[in-house]
Each structure stands twice: as C-alpha cells, then as structure tokens.
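Enquirer:
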Amino acid sequence: MILEQRHHEFRAKVKQFADEEVAPRAKDLDCKSEFPSDLVKRMGELGLLGVFIPEKYGGSGLDTLCYAIAVEEVGRVCGSTGISLAAHSSLAVAPIHFAGNEEQKQKWLIPLVRGEKIGSFGLTEPNAGSDASATRTTAKFVGDQYVINGSKCFITSGHVADVIIFTATKDPSLGYPGISAFVVEKGTPGYALGKEEDKLGLRGSITSELIFEDCKIPKENLIGEEGDGFKVFMKTLDGGRISIGALALGIAQGALDYSIQFARTAVRNNKPLYKNQSIQSMIAEMGTEIEAARLLIYQAAMLKDAGEPFTKEAAMAKYYASRIGMKTTKAAIEIHGMLGLTKKYPVERFMRDEKLMEIGEGTSEIQKIVIAREILGR
Amino acid sequence: MGLIQFNNEQKLIQNEIRKFATAEIEPVADEIEKNGIFPSDIIKKLSDLGFLSLITPEQYDGSELDTTSVCIVIEELSKVCASVGAILVVNTYFIAFPLIKYGRESQKDTFLTRISKGEIGGFICESDIESPDEKIKIKKQDSSYIISGNREFVLNGEAANFFLFPVTLSNGKGIYLLARERFGQGLVKQNVLGLRASGISSLQFKDLELKAEDLLIPVEQGTTIYADMRDYANIGFSAVLIGIAQAALDVSVRYSKERVQFGRPICKFPMVQEMLAEMKVKIEAGRHLVYAAAAKCDQAENYALASKAARLFCNELAVFAGDRAVQIHGGYGYLRDYPVERYLRDAKALQVLEATQFMLKSDIAGELLQ
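Protein chains in written order, with numbering that gives the first Met the number 0: chain F, 0 to 377; chain Y, 0 to 369.
(1) With burial defined as no fewer than 16 other Cβ atoms inside 10 Å of the residue's Cβ, what is the status of glycine 375/Y: buried or exposed?
(2) With a cut-off of 8 Å, does the C-beta of glutamate 340/Y fall near any C-beta of chain F?
(3) So which of Met301/F, Arg322/F, Gly200/F and Asp227/F has the shortest CA-CA distance to serine 32/F?
(4) My understanding is that alanine 91/F touches valine 162/F, with C-beta atoms under 8 Å, so please give their C-beta distance in whole angstroms.
(5) Apply the 10 Å Cβ neighbour rule to valine 289/Y and answer buried if 16 or more other Cβ atoms are within range, or exposed otherwise.
(6) Hey, isoleucine 154/F and serine 204/F are a contact pair by Cβ (cut 8 Å); roughly how many whole angstroms apart?
(7) For lysine 169/F, name the three-state secondary structure that DSSP assigns.
(8) At a CB-CB cut-off below 7 Å, which residues of chain Y make contact with glycine 128/F?
(9) Whole angstroms are fine: how far does the CA of isoleucine 243/F sit from the CA of alanine 371/F?
(10) Determine the extent of the alpha helix (DSSP H) in which asparagine 314/Y is found, giving its start and end residues.
(11) Which residues, in chain order, does the region 64 to 81 of chain F contribute to contact with chain Y at a C-beta distance below 9 Å?
(12) Can you check whether the C-beta of valine 351/Y is within less than 8 Å of a C-beta belonging to chain F?
(13) Between arginine 263/F and chain Y, is there a C-beta pair that is closer than 8 Å?
(14) List, in chain order, every chain F residue whose beta-carbon is nearer than 7 Å to that of phenylalanine 152/Y.
(15) Of the residues that make up the region 142 to 155 of chain F, which ones have a beta carbon closer than 9 Å to any beta carbon in chain Y?
(16) Buried or exposed: valine 21/F, going by 16 or more other Cβ atoms within 10 Å of its Cβ?
(17) Could you spell out the range, first to last residue, of the alpha helix (DSSP H) harbouring alanine 178/Y?
(18) Decide if aspartate 362/Y is buried, meaning its Cβ has at least 16 other Cβ atoms within 10 Å, or exposed.
(19) Taking a cut of 9 Å between CB atoms, which residues from the region 115 to 131 of chain Y lie near chain F?
(20) Distance, Cα to Cα, methionine 0/Y vs alanine 291/Y?
(21) Please decide whether alanine 211/Y counts as near chain F, where near means a Cβ-Cβ distance under 8 Å.
(22) Show which residues of chain Y have a CB atom less than 7 Å away from the CB atom of lysine 354/F.
(23) Taking only beta-carbon positions, decide if serine 321/F is within less than 8 Å of chain Y.
(24) Quick one: using the 10 Å Cβ neighbour count with 16 as the cut-off for buried, is glycine 262/Y buried or exposed?
(25) For chain F, check one thing: does any of its Cβ atoms lie closer than 8 Å to the Cβ of serine 361/Y?
(26) DSSP three-state call for tyrosine 337/Y: helix, strand or coil?
(27) DSSP on valine 153/Y, reduced to helix/strand/coil?
(28) Is there a Cβ from chain Y that is less than 8 Å from the Cβ of valine 13/F?
(29) Which parts of the region 233 to 282 of chain F are runs of the alpha helix (DSSP H), unbroken and 4 residues or longer, counting only runs that do not cross its ends?
(30) Going along chain Y in order, which residues have a C-beta closer than 9 Å to the C-beta of aspartate 197/F?
(31) Classify threonine 187/F as helix, strand or coil using the three-state DSSP reduction.
Pasting the structure below:
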C-alpha cells in the first residue's frame, strides 16, 4: 500500500523503539506475567499514548493511520505491550477526548497522554459480555453525586489504572437508554480491585475484576450527558476495533517474520526448509493474508481520519485480521515443528496472544453481526 | 456409531477406564497441567490395573490388548487429560512395541517386565528438521560410537527410567536402548505450550558411549522400524486428539446451554450451533479414521496409510475443536480457570509432536505414489 512519507517515517521511529526496547523484554513479560510499567512510561515520552490527540492536550497531533501503525509495530514484537497501548489509547484516551468536556480533558486527558497516568475502560460484566445492554452496575444520583454499585470483569490494565472510564445504569430494566459513562479514579472509597486473571496469553498485560460498593463519585465525573453511555461505548468500540485489528496484524507479521528466519536456517533432507514447496505455500498464504488484513485496517483508519463512516470497515478489519492472525500463528508453529512449542522461539506466545483478538472488544461473531447489519441494512 | 463396533471385552475396558479417568484423573487434571507435574501417582494406579503394559504379552505380565482396545483406553484418558494419554502412547508404541517385536530375549525379559511393574520408558526424538538448536557429533571407536551434543525433545523424559535413542549413523539409523543413569544430569524439563504434565524434556550429552550391546534395532533396519513405530504411534496420538476434541465439544455443549446473552442461552444462536455441529461431524469422521486404522492393525492388514491419514485429520480436528471451544466460551475461554484453553494448547502441541502436517501429507502422497 502506498503511504505518505510521514507514515513511513513514523513507522521507522516506532519500529526502532519496538525492536530495541520492547522485543528484548517480550519473553520475560510473558513468562513472568509482568506488566511493563516502564515501557508504558517510555511510550508516553515518545508520544505513542496520544498519537491522534491534538498537541494542545500533549498529544502527537497525528492521525488514526499513524496510531494503527504504532499498535501494529509494537504488537509485532510483544502482544502484551501492544494490548496495553491499545487499551490505554482507544478505550481511555479516545473517549475522554471525544466525549469529555474541557475540564475533564485538562484533568485526565493530559496526564494519560503523557503516560503519567494509566487509563482503563470498564464495560464488560459477568452477565453482560457480548450483550452490553444487560449492564447491572448501577449509578444512583444522591445529593450532588453518583453512588455506584456493581462489578466489572475482563478489564484490561484494571489493577494498574489510575483513571477508569466505565458504564453504569440508573435502572437495569431500561436497557441501553439507562446507561451512562463515568470516570472513577484509583483510590476512591468504595472502588476496589477484584481478582487478577490468569490467562492463556497476553500474560504481560493485566486483566482485572473491578468492584464498586457504594462508591461515591462527583457529578463532574459523568462523561457527556446522562444516558449517553451507549453512544460513548459504541463509538469507543468502533475505534477500538481498528486498534485490535492492528494488533492482530502486528502479531501475525511477527509470526511470519520468525517463520521466514527459521525456514532460512533449518534444513530438511539436506535442503534448506524454505526451498520446500509446502513451506513456500504456507509462507505465501501467510504473506498474502497479512497484506489483505493490512489494507482493510488502513482503509478503516483512513476513513475515520476523513470523517467518513467506518463502522463496517473497522468490524471487517478486526474480524479478518484476527481470523488470519490465528491461522498465521498456528502455521508459524507448524513451520517451526516441535521447536515452535518451546520458549526458544516466540511463535507459541504469538498464537496464545493472538487468540484474544478473536474475542476481545467484540467477538468475531459480534463483528459478523455488525458487518451483516451494515451490508443488509437494519 | 455405525461402523465402529466394539466387542464385549472392549466395552468392558471402555467402561472401566472411563470410571478410572473420572474418579482419579479429572479432579487433578487442571492442577497437574497448570503446574507441569508429571502424574506419577496416576501412572502407578494405571499400572496396578494393567493399563500401563497395554500391549505387552502375558508372559511378561502385560495385558496383551489389541490396538482397538489401546485406542479406547487412550481416548478415554485423553478426554480428561491429554498428557496422560500421550505418556501412554509413547510408552506403548515408541518403547514397548519395538521391544516386543525386535528385542532380544534378555532385553524383553528385563524391560518389558519393568514396564509391567510400573516403570515407563522415554523416547529421544530425532527431528526430521535440522536446526541450529540441535547439534550432534559422532565418532566411531571400535564397535562403539562416542557422541556429544543435544536433543531438544525427550518424550516422557522427566520420569522415564530407560530410553530409546534413535541415532542416524553413516550407514543407517541405529536405535539404542539406554538406562537413565547413562545421561547423568543431562535431562532437563522443557517449558512447552501443551502436554505440560507429560514430562517432555531436553537432553545434553557429552562423550556418551553407544556400545554395540546397547543396540535394540540394528542400523540396517532402523529406518524401516522407526517408520513402523511412528505409524503405530500416529494411531495412538490420533486417539489422544479425538479425546481432546470430544472433551472440547462436551464442555462447549454444556456451557452454551448455561450462558445467557441477549435474553437467551447462547446455544440458541445459529452461529454457536454451527460451531457445535462442525465439531461433532469432524469428531465422528476422525473417530472412524482412528478405529479403521486400529482395525487394520488388528486384522494384520497394511496400516501405513490409514494411520497417517487418521493423524493428519485428527491433528486438524483437535486444534479446530479446541479453538472453537475457546470461542464459544468467549472471554472465559481465555482464562486458565476454564479447561478449554488447555484443549487448544494440548491439541496444538500434539499437532507438531513427532510429525507435522506437511510431513504427513508428503508421506501420505508417498504411500499413494508407491
């Protein structure tokens, strides 16, 4: 795909950071389940936490395409650092930027973009996964503040987050119209951290339960108007899909890169592995599908930048990139043979990390429903 | 189902092993897998019931079961823990099988009897792919070979007391039988994606002397017999894969009936139903391939193609089933609190164990083009 010079230059900058600072850490972050706080800080310094945020809020003032490239390049070497970047940017920075008022932006957006604070997004609940209208966390307006009760689960970066944007309803029987979006800050009485999850992959990222027990938050923490919650999270997830697609793409690219390297050094029947036609066939499929996924993701990003509708394209990008990403990472293990099962090579980590891309921020099944609705009309 | 007909004895075995698996393995399966603990207690109990020396003749205190019965045992065990199934496949087809078929009387007497008493053997894989990760130096010295280097994969390595060690020499492939002591401290447990309780280890050795008397299979026959061992093992591993896939389906059916989203159990959604249906159909097809290959062994027909075909299909099927089970479970499927992510990891590990898809395809084509 022909990109502008500035996109190439931006990619080169992120690639250097990824290769030099993230890649050497990736194996340990996974094996030791260690959250890379220092790398998040570094990403703040490099302007990667506010790629698409205007400079007046401390951002880099670039576009969504640059952001997708950033997630792709970091994901290429480390899925855990990639998801932490994607969740922070798409799920906390973005909604405060597009839905928050000026005071909220000054208070939260600036430190989030600088990496001084870590952001998180609490939507999912034990009984509200794909179906967010089943939100049970309640927000009652009492005096001049909201009292929150309920719990959230599968929250990326929950345990380390300083600023958490979350959804709650004034009445569970109302469905979507009852839902509003709020911000809670770490340390607020009544806000507690539940279990930290032990996962298949992305083990260097944090996934948490959040608990609210008579948690009182000031009315200034309401994002947008009461009842705007559905609008806010739908828009957040639209943008989030581009970044999950980009992460799926990056992980797949990493798996292909390692497969090429392995096929060049390994030998079978006295011939280098890459000369085997079956291996070539696998590599050709991987390369083609990765390129197709890249086009879909960049297209969705460019539509968003142009202010055009991009819901369908973003859903297609995430659905396709995660699907071929799983296929690619599985094939990468196949190319490495049994060695692909060990920690000597990152390909088994890539497969474990990649699986979340078909689940998180809307499963593939939900993406297909969104795509079909856009294609068929409502 | 239909073509697969078990006789009364086989049905009894299925019943017995199913009860054992549910009572003795299921409660600890998650724990041993998560912590990579080799299930020595379970192996001991299996041995007491005669399920460790599955194919060993009665004169060495074995159970002398046919291949179909072995597959039944492996499938049932693997439904609750694929690591246990894989340990048995290795012990049966990479260790006991060549001993029974080709061992000298003294070797049979010693090692088959030891297996019947509860010991297990390990298999030092010789990869078809040479990579910079594995290097072996071989020097001839009179009737011995002195070898130094490493092997990355020793199946059952953590707990085995003796090992079969195939080594490619200038004039063919020799398969040696060596006691654990010969390796000193060279065996180290591997940190692998799946089959984490099966004790897969790596091995380093320096100036190890392979004496003529250590040879189980002479070099002239090594390559052919290794291929035969693999064919049998392919049937056994296929039974493990069917067990994993069946477990993935069972738990997915259960979960899809319990999990409610959009006001109804998710099993009511066609996209979920499709996944369940595809899993079921593939499992039935795979099971037929496995038991057809086993029947060929039992009827002394050529099983070379049938065993590879079963393995090729079941490899794909189990990874598919594990993956779809995670998908049906959504976010919960990604957590280690649920068993489904283990099914995916175990299936993927088996898919490349001792044979990969493209090698199997090339071997199947080889059989066709002969």
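Note that CB positions come from ideal geometry on N, CA and C, so glycine has one too. The model shown is predicted, which means the values in this text are computed figures rather than measured ones.
Expert: If we stick to the structure as given:
(1) In the structure as shown, chain Y begins at 0 and stops at 369. Residue 375/Y is therefore absent and cannot be evaluated.
(2) Interface criterion met: the Cβ of glutamate 340/Y is under 8 Å from a Cβ in chain F.
(3) Residue Gly200/F is the option with its Cα nearest to serine 32/F.
(4) Contact flag correct, Cβ pair sits at about 6 Å.
(5) The residue in question, valine 289/Y, is buried, as its Cβ has 16 or more Cβ neighbours within 10 Å.
(6) At roughly 11 Å, the Cβ-Cβ gap does not stay under 8 Å, so isoleucine 154/F and serine 204/F are not in contact.
(7) Here lysine 169/F sits in coil by DSSP.
(8) What glycine 128/F touches in chain Y: Gln260, Gly329 and Gly330.
(9) Cα to Cα, the separation comes out at about 20 Å.
(10) That run of the alpha helix (DSSP H) goes 303 to 332.
(11) Correct list: empty, as no residue qualifies.
(12) Closer than 8 Å: yes.
(13) No, its Cβ sits nowhere closer than 8 Å to a Cβ of chain Y.
(14) Per Cβ cutoff of 7 Å: Met337.
(15) Here the close residues are Cys152 and Phe153.
(16) Burial call: buried.
(17) Per DSSP, alanine 178/Y belongs to no alpha helix (DSSP H); it is in the beta strand (DSSP E), 171 to 178.
(18) Taking every protein chain shown into account, the CB of aspartate 362/Y has 16 or more other CB atoms within 10 angstroms, so this residue is buried.
(19) Of all residues in the region 115 to 131 of chain Y, only Cys124, Ser126, Asp127, Ile128, Glu129, Ser130 and Pro131 come within less than 9 Å of chain F when Cβ atoms are compared, listed by chain position.
(20) Reliability fails at methionine 0/Y, whose pLDDT of 46 lies under 50, so the model's placement of it is uncertain and no value is given.
(21) It does not; no Cβ of chain F falls within 8 Å.
(22) Against chain Y, a Cβ distance below 7 Å from lysine 354/F picks out Val325 and Tyr333.
(23) Taking 8 Å as the threshold, the shortest C-beta distance from serine 321/F to chain Y does not fall below it.
(24) By the 10 Å Cβ count, glycine 262/Y comes out exposed.
(25) When Cβ-Cβ separations below 8 Å define contact, serine 361/Y makes contact with chain F.
(26) Reduced to three states, the DSSP call for tyrosine 337/Y is coil.
(27) Valine 153/Y falls in the strand class under three-state DSSP.
(28) Valine 13/F does not count as touching chain Y.
(29) The qualifying runs do not exist here; there are none.
(30) Within chain Y, the residues near aspartate 197/F are Lys33, Leu334, Arg335 and Asp336.
(31) Here threonine 187/F sits in coil by DSSP.
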